[in-house]
Amino acid sequence: MNKKAKNTIKLVLSLALAIVLVWFSFKSIDWPQFWANLQCTRWGFVLLFCICAILAILIRALRWHKMIKPLDPDIKLPTTWDANNIGNLTNAVISGSGELVRCAIVSKGGAQYNAVLGTEIMERAWDGLTIMILVILSIVLGSDVISQFFSEHIWEPLAGNPHNALWVTLVVLIIVVVVILSRRLKNRYKFFNKLYEFFHGLVAGFSSFRNMQGKGLFLVYTAFLWGMYILMYLFVLKSIPALSGLGITDAILLAAIGNIASVIPVPGGIGAYHYLIALSLSTIYGINWEIGILFATLQHELHAVLLIVLGIISYAHNRIHSDSH
108 MNKKAKNTIK LVLSLALAIV LVWFSFKSID WPQFWANLQC TRWGFVLLFC ICAILAILIR
168 ALRWHKMIKP LDPDIKLPTT WDANNIGNLT NAVISGSGEL VRCAIVSKGG AQYNAVLGTE
228 IMERAWDGLT IMILVILSIV LGSDVISQFF SEHIWEPLAG NPHNALWVTL VVLIIVVVVI
288 LSRRLKNRYK FFNKLYEFFH GLVAGFSSFR NMQGKGLFLV YTAFLWGMYI LMYLFVLKSI
348 PALSGLGITD AILLAAIGNI ASVIPVPGGI GAYHYLIALS LSTIYGINWE IGILFATLQH
408 ELHAVLLIVL GIISYAHNRI HSDSH
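First residue of the sequence shown: 108, per our numbering; consecutive thereafter.
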């Protein structure tokens, strides 16, 4: 099977999963009630949401720019800005493809692709650590209902399936074996030499944080980035009268849940995000499903439209810049 056919199958399967999740999320909606709630939305808070979303994208570009600087001293902020936006645009179509596209755009400047990919993986590792901190914060600051929700709807489905642990173990073992073989056979076979160079580049990307000047500023960027994400959730809560009584602790919880939903392999998180957010609002706060779906739709679709618009603008800018050189 050729690469194009495999990619087509992956796209079809991810779209099918998204459709199923959207159906589960929206099947019991009382649409007249949904539209009535939408008409009561406070759009001033929605505008604040959009401002925070743009600031978050800018801060992410700044943070990644700082990580790549040790690999490519000539890297410019507009390059990481465009690469991030174009990656978000491709992620809206094919889940997980954006990270590879970002690295390809940035590596045109001189840094090795696999080294840039290493910085991308390291950046996601920092995001994963931050999500864990948000989960812990939401459990500590919240009620027993919150810890019960995480246990029943997130941890148990993941840990209760033995296939998940089996697949993780298998993938780790394969990676370890391939790394060992590439080191031992790099001088005998061209294929293993290429693999060794690839892993060596990944390590260089990981170590970019160690070689980075001003690590404190990187941590400040990370704190501001996730602060913007939390404010985005808070402003959407305030934009819906039925949810306006919820505060910053609740926004932290929803930010953690929303980012967990985003790792489910569907284009742009469609369906998975809506279902998990509506489920959390219903289970933890007793909010009716229509309000939960309205919140998820405003949060997700406004952000998606913003990412698509910025992605198109950055794509056009990147093409013009490339053609001029």
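Glycine included, every Cβ here is placed at the ideal spot set by N, Cα and C.
Residue environment, residue i, which counts as buried when at least 16 other CB atoms sit within 10 Å
i      : result
His381 : buried
Ile367 : buried
Met339 : buried
Asn318 : exposed
Ile240 : exposed
Ile175 : buried
Ile427 : exposed
Arg291 : exposed
Ser387 : buried
Phe298 : exposed
Glu397 : buried
Gly203 : exposed
Ser429 : exposed
Ile419 : exposed
Ile391 : buried
Val283 : exposed
From the options, residue whose alpha carbon lies closest to that of residue i
i      : options                           : result
Gln146 : Gly393, Arg291 and Ser346         : Ser346
Trp233 : Thr187, Val327 and Pro177         : Val327
Leu178 : Leu162, Lys215, Leu207 and Ile164 : Lys215
Trp150 : Thr390, Ile364, Val343 and Ala403 : Val343
Asn425 : Val283, Asn191 and Ile240         : Asn191
Ala230 : Ile158, Trp171 and Ala363         : For the record, residue 230 in the displayed sequence is Glu; it is not Ala. Ranking Ile158, Trp171 and Ala363 by Cα distance to Glu230 puts Trp171 first.
Ala55  : Gly225, Leu413, Asn300 and Val200 : Absent from the model: residue 55. The displayed extent of the chain is 108 to 432, so no value can be given.
Leu165 : Ala411, Phe298, Asp357 and Thr186 : Thr186
Gly194 : Ala403, Ser429, Ile427 and Val416 : Val416
Ala403 : Leu350, Leu224, Thr356 and Asn294 : Leu350
Ala211 : Glu397, Val286 and Asn221         : Asn221
Ile323 : Leu224, Lys173 and Val283         : First, the residue type needs correcting, since residue 323 is Gly and not Ile in the sequence shown. Checked all of Leu224, Lys173 and Val283; the closest Cα to Gly323 is Lys173.
Span of the alpha helix (DSSP H) around residue i
i      : result
Asn294 : First-last for Asn294: undefined, no H or E at that position.
Leu155 : Trp150 to Ile175
DSSP three-state assignment for residue i, whether helix, strand or coil
i      : result
Val200 : coil
Ala218 : coil
Gly354 : coil
Met319 : coil
Asn395 : coil
Pro374 : The predicted position of Pro374 is uncertain, since its pLDDT is 49 and thus under 50; no value can be drawn from it.
Cys147 : coil
Ser369 : coil
Leu248 : helix
Lys183 : coil
Ile427 : helix
Leu178 : coil
Ile384 : helix
Ile240 : helix
Ile347 : coil
Supposed close pair residue i, residue j - CB separation, criterion 8 Å
i      : j      : result
Met335 : Leu155 : Wrong, their Cβ atoms sit about 11 Å apart, outside the cutoff.
Ile253 : Ile246 : 6 Å
Asp105 : Ser421 : Examination of residue 105 is not possible in this model, given that the chain is present from 108 through 432 alone.
Ile384 : Ile364 : 6 Å
Thr237 : Thr356 : At roughly 16 Å, the Cβ-Cβ gap does not stay under 8 Å, so Thr237 and Thr356 are not in contact.
Thr197 : Val208 : 5 Å
Arg167 : Leu332 : 6 Å
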